[in-house]
Each structure stands twice: as C-alpha cells, then as structure tokens.
Amino acid sequence: MYPTLFPYGVGGFENPRRSSKLALKRQVKHFLNLADRRFQEHNSFLFIVFNMLQRRTALLHTSLKVKGSSFNDVARGFASISSETVHRVAERVAKGDLTSTFSPDEQKVRALLKQVNSVTSHVPGSGSSRSVMRNQIRGLMIDQGLPNFYITINPADVYNPVVKFLAGHDINVDELLPNDVPDYWKQSILVARNPIVAAKFFDLYMKSFF
53 MYPTLFPYGV GGFENPRRSS KLALKRQVKH FLNLADRRFQ EHNSFLFIVF NMLQRRTALL
113 HTSLKVKGSS FNDVARGFAS ISSETVHRVA ERVAKGDLTS TFSPDEQKVR ALLKQVNSVT
173 SHVPGSGSSR SVMRNQIRGL MIDQGLPNFY ITINPADVYN PVVKFLAGHD INVDELLPND
233 VPDYWKQSIL VARNPIVAAK FFDLYMKSFF
C-alpha cells in the first residue's frame, strides 16, 4: 500500500506472522514517534490510519438506544428485515437519495431508523463524544459551582521556536539567537508539512500550562 514507507514489504499492521501481537493504535503511535519523519510527513498516511482507527472504534463501540415502551416493536421490526435491505437503505441515505421510491421493506427500515438512536460516545470526534464532554463540564459546574473566570488558550505554533526544536532543528530554546526566531512563512510550511509536530507542541503546551 505504501512502498515508500515499507520498501521491503514488512512492518505492516497486524501481521499474523508476528511472534507477539501488536495493536494497530500502538504501532501507529510508534511510527509517528520515530526519528525518521517519513511517516509524519507522508501526504496521506495520517488520514488513512486515523480513518481506520475511527471506523474500528465505531464498529466495536457503537450501540443502539431505543425507548423502553417501543423496544418490543422495534425488536420485531429488526427481526423481520434482512441485513441487505438495511445496507441498501444506508447507501441511499449516505448518497442523499431521499426522493426515490422505497420498497415496503425499505420503508420499514426508514421507520425503524426514526425510533433508534446510535450511541457513539467512545468514538473520538463523533457528536456523541462531544456531547459526553459537555455533560462532564455541566456536571463539574453542578458539583463545584460556576468558574470565577475563563481562560482561552491559543498557542501560536507558527511563531513558537519550540515547534522548530520538535521538528529536529538544532537550537537552544533557553538562549535563542535572532536567526532562531521562526519566520512566519517558513514555520507555516513546516506545520503544514508535519502536523504531528504541531500536535506534540499543543500537547506539551497544555500540559505545561495546567
């Protein structure tokens, strides 16, 4: 899949011939922390592995929620339709096709979808995960009271020399020279080319602040 990243055809994910099993997420993290930055700077590797991790989490941790009063009817409805019908409806809805005529079974699937909510609170980046975080904030306010003041932190990665240091530049952040101060345009290119460095900088900045 990536001949430039795995030129010898070994080192891929979840290889069954590996003597000790290695989780996909752990292996991705290892690749992105290597001194060799070809994984960090690849134009599509980050997006592909993030999509793989998110899809896998969605498949393993997504559940369905329905009202107790409607549970028996919904259960019978799901038992009476085939997985192929559900797949056809899902594909049509994903394409935005809501005007074409649906078969009786497909109409039954659409009616069931209106009574069922998906719960994806453990899927990073999903609406449910953001809702869980908002509820946690509300819970803290109820338990601890409203905060007296708010702080909005916006670390400017395109101006900070720490980003250059994390990217491998040999600079002394304690004794900066004028030529070590990042140029906005060059630093912007650096961050765009290697977003992992920007993510590490943000994580370091937040942990240092709090």
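This note's numbering puts the first residue of the sequence shown at 53, with every later residue one more than the last.
Cβ coordinates follow ideal geometry from the N, Cα and C atoms, glycine included.
Since this is a predicted model, take the numbers as computed values, not measurements.
Residue i in three-state terms, based on DSSP
{"i": "K81", "result": "helix"}
{"i": "K238", "result": "helix"}
{"i": "K73", "result": "coil"}
{"i": "K147", "result": "coil"}
{"i": "K259", "result": "helix"}
{"i": "K216", "result": "helix"}
{"i": "K160", "result": "helix"}
{"i": "K117", "result": "strand"}
{"i": "I194", "result": "helix"}
{"i": "K252", "result": "helix"}
{"i": "H94", "result": "coil"}
{"i": "S122", "result": "helix"}
Sub-9 Å separation of residue i and residue j beta-carbons
{"i": "F97", "j": "Y54", "result": "yes"}
{"i": "V126", "j": "L164", "result": "yes"}
{"i": "V80", "j": "F65", "result": "yes"}
{"i": "Q271", "j": "Y257", "result": "Limits of the chain in this structure are 53 at one end and 262 at the other, which puts residue 271 out of reach."}
{"i": "N246", "j": "R89", "result": "yes"}
Interface flag, residue i vs chain C, CB-CB below 9 Å
{"i": "F99", "result": "Judged by its chain identifiers, the structure shown contains no chain C, having just a single protein chain."}
C-alpha distance - residue i paired with residue j, whole-angstrom precision
{"i": "H174", "j": "L105", "result": "12 Å"}
{"i": "G129", "j": "K166", "result": "12 Å"}
{"i": "G61", "j": "N67", "result": "11 Å"}
{"i": "D208", "j": "L229", "result": "The identity of residue 208 in the sequence shown is Ala, whereas the question assumes Asp. The alpha-carbon atoms of A208 and L229 are separated by roughly 19 Å."}
{"i": "N231", "j": "I100", "result": "37 Å"}
{"i": "F217", "j": "V225", "result": "8 Å"}
{"i": "V249", "j": "A75", "result": "23 Å"}
{"i": "S134", "j": "Q159", "result": "13 Å"}
{"i": "K147", "j": "A131", "result": "26 Å"}
{"i": "L86", "j": "R108", "result": "24 Å"}
{"i": "P78", "j": "G63", "result": "Note on residue identity: the sequence assigns Arg, not Pro, to residue 78. Roughly 13 Å between the two C-alpha positions."}
{"i": "L198", "j": "L192", "result": "8 Å"}
Residue i classed as buried or exposed, judged by whether at least 16 other C-beta atoms fall within 10 angstroms
{"i": "Q196", "result": "exposed"}
{"i": "F253", "result": "buried"}
{"i": "N200", "result": "exposed"}
{"i": "V145", "result": "exposed"}
{"i": "V233", "result": "exposed"}
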